[in-house]
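So that you can map any letter, position 74 of the sequence shown is 86 in the working numbering, and since no number is skipped, the others follow by simple counting.
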Amino acid sequence: MRMIIRFALYIGLMISSFSVNAQSVTIVDFGAKLGSGWPRGVIPQYFDPRVDRTGDGTLTNDFVSAYPFSLDVPFTPPGLDFDTNVNSAIFYGGMTLYTVADEGPRTLTEGHLNQNHEFKDDFNLMTLPGPRTNVVSGEVEELLEAYGVWIWTKEHFYNDGADHVVTFDADSYIAVDITRYWGGINAGRWLVRDGDQFYLSEETFAGETNQYYVGMSADPGQHGSGNNPVFRRTHTLNPGDSRWAPYDPVPDPAYPYEIDFDVSSAVFDDHVFTNVTAVGWFAERYLSRPYPVSPALTLDEPISLKWGAFRVQAVVDAPFAPSSNMDMSDIGDVYLADEPVSYDLWRKMFRFGQRRQHVRDELGISTYVFERDGSMGMMRATNGEHNRLEPVTDITWYDALAFCNALSQWEGLEPAYYTDPDHTNVFKMIFDRDKKELWDERPTIYWNTNAPGFRLPTPAEWQELDVSLRGTSYWEHVWFPAGTVADPAVDTTRTALGWAPDAPTESILTFGEQPWWGSPRITFRPVRNGTGMPIMGAPSGATEWNYSAATVVPPAAEPTEKMMRNFIAQYLPEVVLDVGLANTNHVVDLDFNPETSIDPSGSYPVSVGATEVPYRLWNYVQQWALNNGYSFNYSGAMGSMGAIPGDVRDFHPDEPVTQMSWFDLISWCNALSEMMGLEPVYYRDGDFTEVWRETTQFRLETYQDERYPNWGQIPADPVDTGFYITNYMNAAASGFRIPLPQEWDLANVTDANSGTDDYNWLDFNSDGKTQPVGTKLPNPVGLYDMEGNVREWTWGDTRATISRVIRRKGSHFARGFQASHHFIDSHEVPSVGSTHVGFRTVRLHQELSASPELFEYAGTSDQSFSPRTLTI
């Protein structure tokens, strides 16, 4: 019967496609580097019961702990602790725990989002402590019942799903990824709302309704040698493969926790979904005695569920368009984008593709690895404001190909690029960030010219661009090989096309340009096949910019040492403070303990950056560093420019730099020290002979393995992974560094005025974004934005596991005053760049004006300091 239903549905959709474009696309795709926080920013609530669960004639031993159900208030934590700006981040729902016990109530615990569990951020349905027993008999004398529901609604559907009718066909699926635990839960079910009616599937996760334990045995509560078929797996359902029962999760307002589902009385039947308005999933535990579910849980929790990703593929009946994300024109057989890819669209696909957390590979979806992060137009080359609608730049040719494949997958199209001649391995990973020895390897690319997905134009296609859409400011990546294979060992020169009179001979960057690794004036626009095949051939009339990995476009005039140092001084005002810290136990990040590094008797003066480092200064120093033997993992960004999709506001180069790893800071500080003629602070060896210049390329978001490395599993010298590379700090060196946690704490002096509008950029005055540094009043010792604008990195143990972490200090533009959430903020690893985390510098105090022939010191602690009043 189900196959007949599926066939009828499929035929119906085929008939409907004559009038509309019934495309199979992604409508929900949840899972990314998300952060942490509590659902709705609150802890679970207790409620009065109204149901006698055991029928013993009393409610005195019935208890309820819940996150009340809501379809109006998101079930997700508030941003930015939780990244509400990533694709499909917002969902709704609730969780409820019923307890029957003479000992009193239990509470839902670990309802918050856990960071970096096996390097994934997971949501929970859990309770603790362990099962409560009779002190005389030793028998468990309580009962537990629990429900959880997580729902994505139509207004958040992607790929036109929010605006048009959504249905299912033979290729549709709903997928849920269960991460670390599934115990004390009887069943997981898939959920769909058709019009106004919710339905739950008869099919359950793994086809079971047992309370599974990690290492289960036939004896409940015993940790035997069995296998749990539910966790560390993606569970996938085609809606036509199950019967469905009506479900009403919208409870009586007086009892907002009642999201129960009684499977014994449910009526399951075949159902064809004709108007999908919500999708999600559901977990249930029947009333039963609790038992510990895993020996790994030290508190013997009897319920433990963790999940981290959710995805739905469905049919959207939308009018035909070559793309739901770009305007494209038919240029004869193929469609060509009217505009270059915007930074906003780039960022959306960057976040969709470059992530560790997703439903698993049986669905053909895995992590993308890009080379560069991308910029807004010419933001690296100009001193003005920029926005997310400008063309994306500073990306490589490989980045453009990976973007095309990611967008193809996002819109449900077959990708065009592969890493094998049979076109079976979709090109996603430009290079392997996990292993240091593979950082320089790049794959051969095979173009499937028959694939309908997005791709780069051939030179002949690119020249067909309408004259009115041509620009002279940017060059554009094209498919440069004459054939359909790009071999990095053979194709050592790349080509960008433009309508400029000549290829560039002078850089628009201060210290020179290496176009192979991205340029502020090279962007791209995709094409996709239409009614015919690709248009091959050479361009006619366009200018070719040919370059290799060795090509360097020199600046018009490189600044002198004196010019560099004076520029830096303008944007690095300092305040001299006395701090009392020991210099003995923080020379290496290994097992650094910030709690024992303070020694008030060892006071010494330090020069502290009066402001957070602005992007303008970061960009200047990083450009010099890239041309002088340094490497970086992240490019760095203008404040919160990477945060909010569709945010068309301008961002200023004097906003604090964000989106860099802790290791990037170490390289940048050393480069700054060298530019200023000071001794670098950070080294790769304890003898301080090898200056730290090569930054690890490891990113948590792109980590390929399932579990390793994780806390408690890190080998003694895991350099091969790139995850952890020991760093040594010469505390006596004269150069720049980031603060020790105690140095930062001692500098964070507040008074009764510090939380007011005049002093810090916070959630009530920031307009939801970062602002230029130094534009509020300083704290009592002359430091700006210590409790606002962005959080700040400090020194720590770069293994940064659950138990050894980098400290991030202060509040930020989306939080209140001193809302530091220590537990949340202390659980981040050093390889993660965030849109709300920056830094300021510290150095042992000495007068930089000691070398007047090279340097005219312009530092200041003047409380009226404002970078907007300074000019280059």
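Note that CB positions come from ideal geometry on N, CA and C, so glycine has one too.
Distance, GLN127 Cα to SER378 Cα = If you number the sequence shown from 1, residue 378 lands on position 366. If you number the sequence shown from 1, residue 127 lands on position 115. Taking the straight line from one Cα to the other gives about 20 angstroms.
Just the C-alpha distance for ARG111 and TRP202, rounded to the nearest angstrom, thanks.
-> Here residue 111 refers to the residue found at position 99 of the sequence shown. Here residue 202 refers to the residue found at position 190 of the sequence shown. It should be pointed out that residue 111 corresponds to Thr in this sequence rather than to Arg. Spanning the two alpha carbons is a distance of roughly 25 angstroms.
Counting only the same chain and skipping the five closest in sequence on each side, list residues whose C-beta sits under 7 angstroms from that of PHE364.
-> Taking the sequence shown and counting its residues from 1, the one referred to as residue 364 is at position 352. ASP41, ASN99, ALA418 and TRP422, listed in sequence order.
Under three-state DSSP, which class holds PHE42?
-> Start at 1 with the first residue of the sequence shown, and residue 42 comes out as number 30. Looking at PHE42 - three-state DSSP - the assignment turns out to be strand.
Measure from the alpha carbon of SER560 to the alpha carbon of each residue in THR505, SER846 and SER316, then state which is nearest.
-> Position 548 of the sequence shown, counted from the first residue, corresponds to residue 560. Of the candidates THR505, SER846 and SER316, the one whose C-alpha sits nearest the C-alpha of SER560 is THR505.
Beta-carbon proximity list for ILE675, same chain, < 8 angstroms, skipping 5 on both sides = Taking the first residue of the sequence shown as position 1, residue 675 is located at position 663. According to the sequence as given, residue 675 is Phe; it is not Ile. Excluding sequence neighbours, PHE675 sits near ASN645, THR707, THR708, ILE737, ASN739, THR810, PRO842 and SER843.
Among GLU691, VAL854 and ASP775, nearest to ASP757 - alpha-carbon criterion | To locate residue 757, count along the sequence shown from 1; it is residue 745. When each option's Cα is compared against that of ASP757, the closest is VAL854.
Count the C-beta pairs between the stretch 689-705 and the stretch 743-753 that are closer than 8 angstroms, then say yes if the count reaches three, no if not.
-> yes
Return the Cβ separation of MET545 and ASP342 in integer angstroms, given the expectation that the two are a contact with Cβ distance under 8 angstroms.
-> By 1-based counting over the sequence shown, the position of residue 545 is 533. By 1-based counting over the sequence shown, the position of residue 342 is 330. Their Cβ separation, rounded to whole angstroms, is 14 angstroms, which puts MET545 and ASP342 out of contact at 8 angstroms.
Considering only residues of the same chain and omitting the five flanking positions on each side of TYR267, which have a CB-CB separation below 8 angstroms?
-> If you number the sequence shown from 1, residue 267 lands on position 255. So the qualifying residues of the chain are PHE59 and ARG62.
By how many angstroms is the C-alpha of ALA257 removed from the C-alpha of ASP272?
-> Taking the sequence shown and counting its residues from 1, one reaches residue 272 at position 260. Taking the sequence shown and counting its residues from 1, one reaches residue 257 at position 245. Straight-line Cα distance between these residues: approximately 13 angstroms.
Helix, strand or coil at ILE678 [DSSP, three-state] = The residue you call residue 678 lines up with position 666 of the sequence shown. Three-state result, ILE678: helix.
Nearest residue (CA-CA) to ASP264, options PHE81, GLY123, ARG65 and ASP208 = Within the sequence shown, numbered from 1, the residue matching residue 264 stands at position 252. Of PHE81, GLY123, ARG65 and ASP208, the residue nearest in Cα terms is PHE81.
Pick from GLU270, MET576, GLU453 and THR286: whose alpha carbon is nearest that of GLY207?
-> Numbered from its first residue, the sequence shown carries residue 207 at position 195. With distances taken between Cα atoms, GLY207 lies closest to THR286.
Starting from TRP154, follow its DSSP beta bridges and name the residues at the other end.
-> Taking the first residue of the sequence shown as position 1, residue 154 is located at position 142. Here residue 154 is Glu; the residue named in the question, Trp, does not match the sequence. Paired residues: ALA113.
Which of helix, strand or coil does DSSP assign to PHE829?
-> In the sequence shown, the residue the question calls residue 829 occupies position 817. Three-state DSSP puts PHE829 in coil, outside helix and strand.
Assumed close pair ARG852, VAL669 - CB separation to whole angstroms, cut-off 8 angstroms = What you label residue 852 is simply residue 840 of the sequence shown in a count that begins at 1. What you label residue 669 is simply residue 657 of the sequence shown in a count that begins at 1. Their Cβ separation, rounded to whole angstroms, is 11 angstroms, which puts ARG852 and VAL669 out of contact at 8 angstroms.
TRP580 lies in the alpha helix (DSSP H); which residues open and close that run?
-> Along the sequence shown, one-based indexing puts residue 580 at 568. Before going on, a small fix: residue 580 reads as Ile here, not Trp. Looking at the DSSP string, the run of the alpha helix (DSSP H) that includes ILE580 is 573-582.
Just checking my contact of PHE243 with TYR193 at CB under 8 angstroms: how many whole Å lie between their CB atoms?
-> Indexing the sequence shown from 1 puts residue 243 at position 231. Indexing the sequence shown from 1 puts residue 193 at position 181. Right, the Cβ-Cβ distance comes to about 6 angstroms (below 8 angstroms), so this counts as a contact.
Determine which residues share a DSSP beta bridge with HIS129 and list them.
-> Translated into the one-based positions of the sequence shown, residue 129 becomes position 117. DSSP lists LYS132 as partners of HIS129.
Secondary structure at ASP281, three-state DSSP: helix, strand or coil?
-> Residue mapping note: residue 281 aligns to position 269 of the sequence shown, counting from 1. In this structure, ASP281 counts as strand in the three-state DSSP scheme.
Beta-ladder partner(s) of HIS398, from DSSP = In the sequence shown, counting from the first residue as 1, residue 398 sits at position 386. The partner list for HIS398 (beta bridge, DSSP) reads PHE663.
On the three-state DSSP scale, how would you describe GLY724?
-> To locate residue 724, count along the sequence shown from 1; it is residue 712. In this prediction, GLY724 scores a pLDDT of 43, lower than 50, which makes its location untrustworthy; no coordinate-derived value is stated.
Taking only the alpha-carbon atoms, compute the straight-line gap between ALA568 and GLY524 and give it to the nearest angstrom.
-> For the purposes of this step, residue 568 is taken as residue 556 along the sequence shown, with counting starting at 1. For the purposes of this step, residue 524 is taken as residue 512 along the sequence shown, with counting starting at 1. Going by the C-alpha atoms only, they are around 9 angstroms apart.
Count the other CB atoms within 10 Å of the CB of GLN725; is the residue buried (16 or more) or exposed (fewer)?
-> The residue you call residue 725 lines up with position 713 of the sequence shown. For GLN725, the predicted structure reports a pLDDT of 49, less than 50, and the residue's modelled location is therefore unreliable. The matter cannot be settled from this model.
Specify the secondary structure class of GLY106 as computed by DSSP and reduced to three states.
-> Residue 106 sits at position 94 when you count from the first residue of the sequence shown. If DSSP states are grouped into helix, strand and coil, GLY106 belongs with the strands.
Could you pull the start and end residues of the alpha helix (DSSP H) that LEU212 belongs to?
-> Taking the first residue of the sequence shown as 1, we reach residue 212 at position 200. Run containing LEU212: none in the alpha helix (DSSP H); it sits in the beta strand (DSSP E), 209-216.
In or out: PHE87 buried (at least 16 other Cβ within 10 Å) or exposed?
-> In the sequence shown, residue 87 corresponds to position 75, counting from 1. Burial call: buried.
State the Cα-Cα distance for the pair LEU521 and THR535, rounded to the nearest angstrom.
-> For the purposes of this step, residue 521 is identified with residue 509 of the sequence shown, where counting begins at 1. For the purposes of this step, residue 535 is identified with residue 523 of the sequence shown, where counting begins at 1. About 16 angstroms.
Return helix, strand or coil for HIS168, following the three-state DSSP convention.
-> Residue numbering aside, residue 168 sits at position 156 when the sequence shown is read from its first letter. Helix.
Cα-Cα, which of PHE466, ASP114 and GLY196 is closest to SER420?
-> Residue mapping note: residue 420 aligns to position 408 of the sequence shown, counting from 1. Cα-wise, what sits closest to SER420 is PHE466.
Go ahead and pull the three-state DSSP assignment for TRP487.
-> Taking the first residue of the sequence shown as position 1, residue 487 is located at position 475. The answer is strand: DSSP assigns TRP487 an E or B state.
Is DSSP giving ARG540 helix, strand or coil here?
-> Taking the sequence shown and counting its residues from 1, one reaches residue 540 at position 528. If DSSP states are grouped into helix, strand and coil, ARG540 belongs with the strands.
Report the residue from TRP528, THR191 and VAL279 whose alpha carbon sits nearest the alpha carbon of ASN240.
-> Position 228 of the sequence shown, counting from 1, holds the residue named residue 240. Looking at the Cα atoms, THR191 is the closest of the given residues.
Span separating the alpha-carbon of ALA414 from that of GLY767 | Position 402 of the sequence shown holds residue 414. Position 755 of the sequence shown holds residue 767. Cα-Cα distance, rounded: 45 angstroms.
Element boundaries [beta strand (DSSP E), containing ASN558] = Locating residue 558 in the sequence shown gives position 546, counting from the first residue. Element bounds for ASN558: 555-560.
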